[in-house]
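Engineer: For any residue, its number in my numbering is found by taking its place in the sequence shown, counting from 1, and adding 48. We put the CB at the ideal spot given by N, CA and C, even for glycine. Everything numeric in this text was worked out from a predicted model, so none of it was measured.
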Amino acid sequence: DWNGSSTLQQVVQGRFHGHPSSLMDHPEFAGKDLNAISVDAYREMRTPPAVYFIHGDLANSPGEPVFDETAGQFGPFEDQIFVGDQTRSNLMRIVLEKVQGAYQGAIFNFIEGLQSGVVRNQFNEQGVLYVGQTGRGWRSAGDKIFGLQTVRWDRQTTPVEMLSIGLTTRGFEIRFTQPMDMKALADASHYEIEHWHYLYRPEYGSPKADRTKVVPERIEVTHDGMRVHCQMPQLEGKVYQFRLNGMQSRSGRPLTNPIGWYTLNKRRLSDLR
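#1: Give every residue of the same chain whose Cβ lies closer than 6 Å to the Cβ of Q289, excluding the five residues on either side of it in the sequence, and list them in chain order.
#2: What separation, rounded to the nearest whole angstrom, lies between the Cα atoms of L82 and R315?
#3: Between A189, E92, V114, Y248, which has its C-alpha nearest A107's C-alpha?
#4: Helix, strand or coil: how does DSSP classify K261 here?
#5: Leaving out five residues on either side along the sequence, give the residues of the same chain with a beta carbon under 8 Å from the beta carbon of F125.
#6: Once DSSP output is grouped into helix, strand and coil, what is the label at V99?
#7: Can you name the residues that DSSP bridges to G195?
#8: Any contact of the region 160-167 with the region 212-226, i.e. 3+ C-beta pairs under 8 Å?
#9: I267 to R291, Cα distance in whole Å?
#10: How is H67 classed by DSSP in three states: helix, strand or coil?
#11: Please list, in chain order, all residues of the same chain as G111 whose beta carbon is under 6 Å from its beta carbon, the five residues on each side excluded.
#12: If you draw a straight line from the alpha carbon of T198 to that of N138, how long is it in whole angstroms?
#13: Which residue wins for smallest C-alpha separation from E240, given the options M230, L247, P264, Y246?
#14: Are three or more beta carbon pairs between the region 50-65 and the region 245-253 nearer than 8 Å?
Written out as structure tokens, the structure is:
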């Protein structure tokens, strides 16, 4: 309850992250009836999550987040966050940035089809990701009731992925792990973009409220094919979905995961970072 979808939060002392039960022992609320406080009042107090996990599409029961601090031993994803999901038996990848002093950012699917639900992750000193899994007591995808698998980079193949989605003053910049086909990148018809928000309410979960399709006003591609800028209006409090259709690298390899999501809490006021 009180969560429209699963979230990644930066926990800071003094912040309220949305569930009234967390205020029971707070001295300012001693003796107060928390049920008598309006949803609007709680909404004003609430710090929004840094990233939404897209319930049903990407994650239903996300587990432990771990940072890639392997200094490049796990491919091009250094300093990004990896999280597994217990229900869908997949791994996700999160890229954070600070905007107006607070974290927000993008999330992508990374690997799916693991043998059981992902709960714990840990990198070793060689940059191998150990993935601890269980399906006991809670249904998960896969053919095993529990498991331990490893994910490692072969040190040769660079995956074709969206490396990040970042906010600019005029829209969004998507970066890639490899040079992409310039013709497809520059063609707005290859982009399916929409946004929505999740309702903040006492009930469990939320639909994707006010789903709206967005057509980029302008597409700008860098000469090396590593970045594309999508100029469009930015609405605070929305989750933006970017589906890149028919995109491939210059070598002809398709995007492994063609969908990315960005949680936009605050607009960027300057492109200086």
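Structural biologist: In brief:
#1: Cβ-Cβ distances below 6 Å link Q289 to E242, W309 in the same chain, with the five nearest sequence neighbours on each side left out; the list follows chain order.
#2: Roughly 32 Å separates the two Cα atoms.
#3: When the alpha-carbon of A107 is set against those of A189, E92, V114, Y248, the nearest one is in A189.
#4: Here K261 sits in strand by DSSP.
#5: Excluding residues within five positions, the ones whose Cβ falls inside 8 Å are D116, R141, L211.
#6: Three-state DSSP puts V99 in a strand.
#7: The partner list for G195 (beta bridge, DSSP) reads Q181.
#8: The answer is no - the region 212-226 does not touch the region 160-167, with fewer than three Cβ pairs under 8 Å.
#9: Straight-line Cα distance between these residues: approximately 15 Å.
#10: DSSP places H67 outside both helix and strand once states are collapsed to three, so it counts as coil.
#11: Answer for G111: G132, Q134, V166, V167, listed in chain order.
#12: Rounded to the nearest angstrom, the two C-alpha atoms are 13 Å apart.
#13: Closest by C-alpha distance to E240, out of M230, L247, P264, Y246, is P264.
#14: At 8 Å Cβ cutoff, the stretches touch.
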